[in-house]
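Residue numbers (my numbering): 213 to 411. Everything on this sheet refers to the single structure shown next.
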Amino acid sequence: MNNKNKIIAIVGMCGSGKSILADAFVAHGWGFVRFGQITLDIIKERGLEPNEKNEREVREAIRKEHGMGAYATLNIPKFDKVLEDKNLVADGLYSWDEYKILKDYYNERLTIVAIYAPPELRYERISKRFSDKDDIDLRNRNFSKEEARARDFAEIENLDKAGPIAMADCTIVNTGSMEEFKKKIDGFINTFPPSEKGE
Numbered sequence: 213m214n215n216k217n218k219i220i221a222i223v224g225m226c227g228s229g230k231s232i233l234a235d236a237f238v239a240h241g242w243g244f245v246r247f248g249q250i251t252l253d254i255i256k257e258r259g260l261e262p263n264e265k266n267e268r269e270v271r272e273a274i275r276k277e278h279g280m281g282a283y284a285t286l287n288i289p290k291f292d293k294v295l296e297d298k299n300l301v302a303d304g305l306y307s308w309d310e311y312k313i314l315k316d317y318y319n320e321r322l323t324i325v326a327i328y329a330p331p332e333l334r335y336e337r338i339s340k341r342f343s344d345k346d347d348i349d350l351r352n353r354n355f356s357k358e359e360a361r362a363r364d365f366a367e368i369e370n371l372d373k374a375g376p377i378a379m380a381d382c383t384i385v386n387t388g389s390m391e392e393f394k395k396k397i398d399g400f401i402n403t404f405p406p407s408e409k410g411e
């Protein structure tokens, strides 16, 4: 395994700007894995509607079966494969157990980045999201304010999401314009060394 490439795990509440940060890393040549893609793949396989209720039930069932660190444990093989050839951005770290598993496994190669935006701003953003038929990974689902708030509470109360946010190596505040956020992101990405190809 190539032990030189870095992994960034992004934490933050729904609508904070995690996907925008992840997309910016990808545009700079980083590999990408989304923690929660496991959930959305199951939703699609079962023919369920992608909504907060169904997604929460699937997330909680996965954690009941595999433990609170499920999304870290289940994604590590994907992470390692990408890390053989490039740096990796992993979008959507959730639980405290996942944080501990990844910190223990990747050590100093791992940087946790929290994205922060206040609830009302996030809820407004989420309600204005536009999903189209080409969004096969269901990254841009919109939720009502009530659904987004319910998701916040479920993630904090049932998934221990606050711990990784509190312990992040750095926090990027996303309360301004998209242009301001992207400027912050570009400056941040440029602090990391380029990827190294595996042998």
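No residue lacks a Cβ here, since even glycine has one placed at the ideal position from N, Cα and C. Just so we're clear, the structure is a prediction, and the values are computed from it rather than from any experiment.
Taking a contact as a CB-CB distance under 8 Å, the pair residue 377 and residue 245 does not count as one, their CB atoms being some 20 Å apart.
Contact check for residue 305 against residue 291 fails: the beta carbons are separated by 8 Å or more. Burial state of residue 251 is buried, judged by a 10 Å Cβ sphere holding 16 or more other Cβ atoms.
Between residue 219 and residue 237, the CB-CB gap reaches or exceeds 8 Å. Between residue 302 and residue 229, the CB-CB gap reaches or exceeds 8 Å. Using a Cβ distance threshold of 8 Å, residue 226 and residue 360 count as a contacting pair. In this model, residue 255 and residue 400 are separated by some 34 Å (Cα to Cα). Secondary structure in the segment 277-307: the alpha helix (DSSP H) runs of 4 residues or longer, each lying completely within the stretch, are 282-295 in chain order.
The continuous beta strand (DSSP E) containing residue 243 extends over residues 243-246. Taken atom to atom, the span from the alpha-carbon of residue 258 to that of residue 279 is near 22 Å.
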